[in-house]
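What follows is a set of notes on a single structure, which appears directly below.
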Amino acid sequence: MSYETLLVERSGAVARVTINRPEKLNALNGKLLGELEDCFRAVGDESEVRVVILTGAGEKSFVAGADISELSVLSPLEAREFARRGQRVFGLIEDLGKPVIAAVNGYALGGGCELAMACSLRVAAENARFGLPEVKLGVIPGYGGTQRLARLIGKGRAIEITTIAEPISAQEAYRLGLVNQVVPAKDLITVCEALAGKIMANAPLAVKFALEAVNHGMEMTLEEGLFLEANLFGLCCATEDMREGTRAFLEKRPPKFTGK
Ligand code: COA
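Everything in the sequence shown is counted per numbering that gives the first Met the number 0, starting at 0 for the first residue and increasing by one.
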C-alpha cells in the first residue's frame with residue numbers, strides 16, 4: 000500500500016495510518032479523502048489486521064479540518080456531494096468491523112474532530128485541541144459532526160461546541176467524554192499500541208460484534224437494540240472462541256483465541 004498523502008505501517012496485527020500533509024496541518028483535501036477511503040477498504044479487508052491506529056504527521060496537528068481552499072469554491076450541489084463523500088468515508092471507518100483508535104496528536108478541528116469521532120476510541124495528547132469551527136466560515140459541520148458529537152457527549156454540549164465554535168483542550172474533551180484518555184504527547188503511540196494489545200487479547204469476533212452492537216444499537220430504539228444484542232450474543236455462541244474462552248476460564252488458564 001503506497002499513498003501520496005498517507006503513510007501506512009504494519010506492526011504485527013496493528014496497522015498504523017498516518018495522515019501526511021503536515022505543511023497544511025493535515026487538512027483533508029479531495030486527494031487525501033480518496034486515499035483514506037482506499038486505505039481503510041484495504042485494511043478492513045486484510046484479515047491479519049486486528050486494530051488500526053490513525054494519527055497525523057508532525058507534532059502540531061491531527062487534522063485541521065477539510066481543506067478550506069477546496070471548500071471555498073463549492074457550488075451548493077458540489078457541497079452536497081462533498082459532504083456525502085466525507086460522510087461515506089467516515090462511515091466506512093466507523094463500521095470497519097475492527098477497532099480504529101484515533102491517536103490525536105494536535106489540532107482536531109472541523110473534519111479532524113469529525114474523523115476522530117468516527118473512530119472507535121480516541122486518545123489525545125495533552126496538546127491536542129478539539130473543535131467544530133465551521134460556523135466561523137459560514138457553514139456547518141458536514142462530515143457527521145452535528146450527529147456524532149450529540150450522540151457522543153449529549154445535545155447541550157454539542158450545541159455549545161457547534162455554535163460558540165471555540166476549540167477546547169484535551170482535558171476538557173476528556174471531561175466531556177469526547178476522548179477516552181489524555182496522555183503526554185511522547186507516550187501517545189505507545190499508549191494506543193498498549194490499548195490495541197489489550198483489545199487483541201480478546202476474542203476477535205466478539206470484539207467485532209460488540210462494536211456492531213454499540214454502533215448500530217445507537218440508531219435504534221432500546222427494544223430494537225436489545226433484540227440486536229440478543230442476536231449477536233447468540234451468534235457469539237456459534238464461534239469456537241466462545242467455547243475456548245469459557246472453557247479456559249473454567250480450567251483456570253489463559254484462552255487461545257483463533258478468530259473462528
Ligand atoms: N484548510 C486548508 N489549509 C489549512 C487548513 C485547512 N483547514 N488548516 C491549516 N491550513 C494551512 C494554512 O493555510 C497554512 O498554509 P500556508 O502555510 O500555505 O499559509 C498551514 O496550514 C499552516 O497553518 P497556519 O494557520 O499558518 O497555522 P497556525 O498555527 O497559525 O494556526 C490553526 C493553526 C489550526 C489554528 C489554523 O490553521 C486554523 O484555524 N485552521 C483552520 C481550522 C478550521 O477552520 N477547520 C475547519 C475547516 S471546515
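For each residue, glycine too, the CB sits at the ideal point set by N, CA and C.
Helix, strand or coil for F256, going by three-state DSSP, please let me know. coil
Quick check: what's the CA-CA separation for A169 versus V181? Straight-line measurement puts the Cα of V181 at about 7 Å from the Cα of A169.
Say the cut is 7 Å; is the CB of S68 nearer than that to a heavy atom of the ligand COA? yes
Supposed close pair D240, A200 - CB separation, criterion 8 Å: In fact, because the Cβ distance is near 12 Å, the residues do not count as touching under 8 Å.
Per DSSP, the bridge partner or partners of I100: I52, L120
Nearest neighbour of T54, chosen from G224, Y173, I152, L120 [CA to CA]: L120
Is K23 near the ligand COA - that is, is its Cβ less than 7 Å away from at least one heavy atom of it? K23 Cβ: within cutoff of the ligand COA.
Spatial distance of E125 from M116 (CA atoms): 18 Å
Note down the Cα distance separating P21 from L6, rounded to an integer number of angstroms. 12 Å
With DSSP as the reference, label R20 as helix, strand or coil. Secondary structure at R20: coil, using DSSP grouped into helix, strand and coil.
Among all the DSSP beta bridges, which residues are the ones paired with R156? Note: R156 sits in no beta bridge, so no partner.
Starting from the Cα of A193, find the closest Cα among L35, R40, I52, E34 and give me that residue. I52
Does any CB atom of chain B fall closer than 8 Å to the CB of T17? In summary, chain B is missing from the structure at hand, where a single protein chain is found.
Exposed unless 16 or more other CB atoms sit within 10 angstroms - verdict on N25: By the neighbour-count criterion, in which a residue is buried when 16 or more other Cβ atoms sit within 10 angstroms of its Cβ, N25 is buried.
For H215, which residues from the same chain have a beta carbon less than 7 Å from its beta carbon, with the 5 sequence-adjacent residues on both sides left out? Counting only Cβ-Cβ distances below 7 Å, and skipping sequence neighbours, we find L227.
Taking only three categories from DSSP, how would you classify E8? strand
Mind the definition here: the segment 133-152 touches the segment 102-116 only if three or more C-beta pairs lie below 8 Å; say whether that holds. They touch, by the three-pair rule.
Nearest-angstrom beta carbon gap, G130 and P166 [assumed within contact, 8 Å]: Their Cβ separation, rounded to whole angstroms, is 4 Å, which keeps P166 and G130 in contact under 8 Å.
From L175 to T161, what does the alpha carbon distance come to, in whole angstroms? Answer to the nearest angstrom: the Cα atoms are 14 Å apart.
Buried versus exposed, by CB contacts within 10 Å (16 or more), P183: Its Cβ having fewer than 16 others within 10 Å, P183 is exposed.
Is the closest heavy atom of the ligand COA to the C-beta of L136 under 7 Å? yes
DSSP three-state label for G196, please. Reduced to three states, the DSSP call for G196 is helix.
Span of the beta strand (DSSP E), counted from its first residue to its last, around V62: 60-62
Counting beta carbon pairs with one atom in the segment 70-80 and one in the segment 30-40, are three or more of them shorter than 8 Å? When C-beta atoms of the segment 30-40 are compared with those of the segment 70-80, fewer than three pairs fall below 8 Å, so the two segments do not count as touching.
Run the CB neighbour count on T260, radius 10 Å, all protein chains shown included, and call it buried at 16 or more, exposed below. Only positions 0 to 259 of the chain appear in the structure, and residue 260 is not among them; the question remains open.
Name the DSSP bridge partner or partners of F129? A107, I167
Counting along the chain, where does the alpha helix (DSSP H) carrying V88 start and finish? 75-93
DSSP puts Q180 in a beta bridge; with which residues? V122
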